Every structure is written in C-alpha cells, then in structure tokens.
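Reading through the structure tokens given below for one structure.
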Amino acid sequence: MIELPSRPDRRTLLVGLGAITAVWVVLGLVFPDSWAGVLLSIAANPSTHTTMLRLAVPIALAAIGGIFAEKSGVINIGIEGLLIVSAFSAIIVTFWLGSGESTLALSHHWWGFAVGVLVSTLFALLFAVVCIDFKADQIIAGLAVWLIALGLAPFVSRIVFDSPNTAGVGYFQNVTIPVLSEIPLLGYLLFDTPPQVYIMLAAAVAGWYLLNRTAFGRWVVASGENPKALDTAGVDVRRVRYTAVLLSGIFAGLGGAGFALGQLGTFAGGGETAIGGRGFIAIATYLFANYHPIGALLGSFLFAGLEAMQFQLQNLGYAVPTELIRTIPYATVIVVLVFVGKTRLPEAAGEAYDGDED
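Under this note's numbering, residue 357 is the last one in the sequence shown; the count climbs by one each step, no gaps.
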C-alpha cells in the first residue's frame, strides 16, 4: 500500500516562511539595487511600519470579532458591512458636531467614534435577531448586512454632501509618551502612535483572555461545538450566541470607526467604499490564525504590511496593482487549508439551535 506524505503543520509552514525571509534579507543586503534590495529597503522604512499598524486596525479588530461570532456557531460574513457602517457613521457624526467650526475639537472625534461603534453593534443585533430568533440562513443574512451597508452609506452621503464621498474631518492625533517614544524602533511603533492602535493591541489581549481564560469563553466554544450539551448544562445557548454576535459588532465597530478617524479622515462611498474589502480579509485572517485572537493580530500585521509596502512601491514609481496585493490573504488561507489543513470550523457553525428540540 502506498503511503501518502503527511501534510506539514503550521510550525513547518512558518519555518519555511522564515527561511524564505532569511534568503530575501541576505540577497537584499548583498544586492541592494536588485528587487530584493528595494523591497528590503521598503520593509525597513519606519514609514512602512507606522502605515502597517494603522492599516492593520480594521482587519485585526474585525477578525477578533468574527472569531467570537463563529466560535459560538454564528458565521458572520457581514463583517465588511459592519466596518462600512461604523466608519461612515463615525465620519458623518464628527462632521455634524464640528460643522461651522474652523477646527474640529478632539472630543467631536471621540463622539463620532462612539457612535460608529454603536451603529455597528445595532447592525450586529439586527443580524443576531434574524439568525438566532428567526433562524435565517447565516450566509444570506451576512451578505444582506454587507449589501445594505454598501448601498446605505453612499445614499446618505449623497443626501448630506451631494456626493458618495464625505467631507474631511481630520484624524486622531498621535499619543506620544515622553522618553519611551525615543526608544529605537519600539518608540515610534508603540509609544508615538494614534489611539486606535492602542485599542487594537488591547482588544487582541482582551479577546484572547475572554475566549481562553473565562467561563464565558468556554460557553462560546461549547455553543459552537455542541450547543445541546451546553443547554443541558443549564447555560442559555441563545444568550451566549447573542452576546458573541454583539461582541463581533463591537470589535468591528472599533475597527471601522478607528480606521475612519485614525487613517482616512473621510469616507469614500463609491465602488467598494473606503473599507476596500478589509472585512473579507479579516475573515481570511482569523481562518489563517485558526481562531486565535493573537494570531489574528499577527496575521493582520502580515497582510497590512504587504499593503503598506505596495503603497511605498507606488510612491517610488513601481506599478503594483492593489488588487494583486489583496488576493494574497485569500491565497494564503487556501495554502494553509490545502497543505496544512488544521483550520476547522466549529461543529455547529452555521446551524440554528432550537432549545425545544429533542
């Protein structure tokens, strides 16, 4: 009998990626004028690092939120829509509060941020009602959330601004910590950065702790794997799933509002909107990370870093299509699923649960 070769695990894949990276670094140092050298120079540029952190915010936070929903048994592919409505709401509320002023007060941005999170949570609540109480198909309901957001944001923008694009409202300012901000590399990355980056880092740690070190986290996992057993143990599956989906709305709201007010400063509602598919990249990210919040954070750094490098290449005159860069997260997930194969959906994911069933 012929034995088929076993598939490598994630550690083997990471070792292989590390080896490829090491070869790239050596070639870049030896041949600085080559493509390897150009890419190495861009990767080492502090501007690339700071841009990467800002671009990672919507991906990481939406991915963490998606983990909670899907681990509870509710597949929320409407995360892209949650990012859209939170980003748009944050911008338009900030604009309304500051209209007529020569400069926008920082408090206006925080009110806009809070409203953006609230709107995302309300959309997540609507999604939860449709999927949990009315037992609608979760994929169709998620697509509906995305499509509603995709049409609603530019529609409201046209009413207010006579354009699918909003006016600019400025950005969050960097939070600079004296002395610590002078530390090489870590200083400008961690101690001289806008608030949404701190929110992203704190949310990743909080998400990991909540999922892996609390009773609620165990209930979420049980709700997605064996809801009947959880119900038998006296825990309300419906309440657990509602909470998990609402958490996905809160995390996505933090990501969308933080991205809008910390990176964009405006909202483009035409085409795929300013969010640009980052919600779908977030789904690919948490699948790549095998539902681990810290892994999703690191995965978002990888994908956001590639996008940041693409921006730098365009600034240098190299025409690298954005669409090509955005296929990388999905291609990466396919590689992981085919060659590693350890990303497994929760057993009851996508299935409605009726506690009255025998």
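Positions of the beta carbon are idealized from the N, C-alpha and C atoms, including for glycine. For clarity, every value in this text was computed on a predicted model and none was experimentally measured.
Under the three-state DSSP convention, the category residue i falls into
| i | result |
| --- | --- |
| Ala152 | helix |
| Asn211 | helix |
| Asn314 | helix |
| Ser101 | Legend: pLDDT at Ser101 = 42, less than 50; position of this residue unreliable, no value from coordinates given. |
| Val326 | The displayed chain sequence assigns Thr, not Val, to residue 326. DSSP places Thr326 in coil when its eight states are reduced to three. |
| Val319 | coil |
| Asp32 | coil |
| Thr93 | helix |
| Val14 | helix |
| Val334 | helix |
| Ala140 | helix |
| Val178 | coil |
| Thr192 | strand |
| Ala307 | helix |
| Ala68 | helix |
| Ala21 | helix |
| Ala201 | helix |
| Ala123 | helix |
| Ala351 | coil |
| Ala256 | helix |
| Ala267 | strand |
Nearest-angstrom Cα separation, counted from residue j out to residue i
| i | j | result |
| --- | --- | --- |
| Phe140 | Leu117 | Position check: residue 140 holds Ala in this sequence, whereas Phe was assumed. Looking at the two C-alpha atoms, the distance is approximately 20 Å. |
| Leu179 | Pro194 | 16 Å |
| Trp110 | Gly261 | 14 Å |
| Gly254 | Ile324 | 21 Å |
| Asp132 | Val174 | 43 Å |
| Leu344 | Gln137 | 14 Å |
| Thr342 | Val332 | 9 Å |
| Leu245 | Ile182 | 38 Å |
| Ala113 | Ala89 | 7 Å |
| Leu38 | Asn314 | 13 Å |
| Glu350 | Asn75 | 12 Å |
| Phe266 | Asp161 | 13 Å |
| Ala21 | Ile282 | 29 Å |
| Ala256 | Val29 | 43 Å |
| Ile19 | Phe310 | 23 Å |
| Tyr285 | Leu296 | 9 Å |
| Ala62 | Thr213 | 20 Å |
| Glu203 | Ser106 | Per the sequence presented here, residue 203 reads as Ala, with Glu not at that position. Each residue's alpha carbon lies about 25 Å from the other. |
| Ile327 | Leu312 | 16 Å |
| Tyr317 | Leu185 | 29 Å |
| Gly206 | Val239 | 15 Å |
| Ser101 | Gly298 | In this prediction, Ser101 has a pLDDT of 42, which is less than 50 and means its spatial position is unreliable; nothing more can be read from the coordinates. |
| Thr11 | Ala330 | 18 Å |
| Arg157 | Gly97 | 19 Å |
| Val14 | Leu305 | 19 Å |
| Leu16 | Val24 | 12 Å |
| Ala201 | Val155 | 33 Å |
Own chain residues within Cβ distance below 6 Å of residue i, not counting five before or after
| i | result |
| --- | --- |
| Trp145 | Gly77, Glu79, Gly80 |
| Ile83 | Ala148, Ala152, Thr272, Ile274 |
| Gly27 | Ala35, Gly36, Leu39 |
| Phe87 | Ala152, Phe266 |
| Ala135 | Val129 |
| Glu346 | Glu224 |
| Gly294 | Ala288 |
Own chain residues within Cβ distance below 7 Å of residue i, not counting five before or after
| i | result |
| --- | --- |
| Val236 | Ser222, Pro226, Leu229, Asp230, Tyr352, Gly354 |
| Phe94 | Thr165, Ala166, Val168 |
| Leu52 | Leu188, Thr192, Val196 |
| Val234 | Trp218 |
| Phe300 | Met51, Ala55 |
| His108 | Thr93, Phe171, Leu260 |
| Ser33 | Leu26 |
Beta-carbon separation (whole angstroms), residue i vs residue j, contact threshold 8 Å
| i | j | result |
| --- | --- | --- |
| Ser119 | Ser71 | With 8 Å as the limit, Ser119 and Ser71 do not qualify as a contact, their Cβ atoms being about 18 Å apart. |
| Pro31 | Phe258 | Pro31 to Phe258, Cβ: 34 Å. No contact. |
| Leu60 | Phe279 | Going by Cβ atoms, the distance from Leu60 to Phe279 rounds to 14 Å, so no, they are not a contact pair. |
| Gly252 | Tyr170 | That belief does not hold up - the Cβ atoms of Gly252 and Tyr170 are roughly 18 Å apart, past 8 Å. |
| Leu124 | Gly248 | 7 Å |
| Val73 | Cys130 | 6 Å |
| Thr47 | Ala303 | In fact, because the Cβ distance is near 10 Å, the residues do not count as touching under 8 Å. |
| Ala127 | Tyr241 | 5 Å |
| Met199 | Ala55 | 7 Å |
Cut-off 8 Å between Cβ atoms - residues of its own chain near residue i, not counting five sequence neighbours on either side
| i | result |
| --- | --- |
| Pro320 | none |
| Gly269 | Pro153, Pro163, Asn164 |
| Ile176 | Phe190, Asp191 |
| Gly276 | Glu79, Arg325 |
| Phe215 | Leu209, Val239, Thr242 |
Minimum Cβ-Cβ distance from residue i to chain D less than 8 Å
| i | result |
| --- | --- |
| Met199 | As a matter of chain content, chain D is missing from the structure shown, which is built from one protein chain. |
Legend entry - Cβ pair count under 8 Å reaching 3, the region 57 to 71 against the region 271 to 291: At 8 Å Cβ cutoff, the stretches touch.
Inset, instruction - Mind the definition here: the region 210 to 222 touches the region 40 to 48 only if three or more C-beta pairs lie below 8 Å; say whether that holds. - result: With the rule of 3 Cβ pairs closer than 8 Å, the region 210 to 222 does not count as touching the region 40 to 48.
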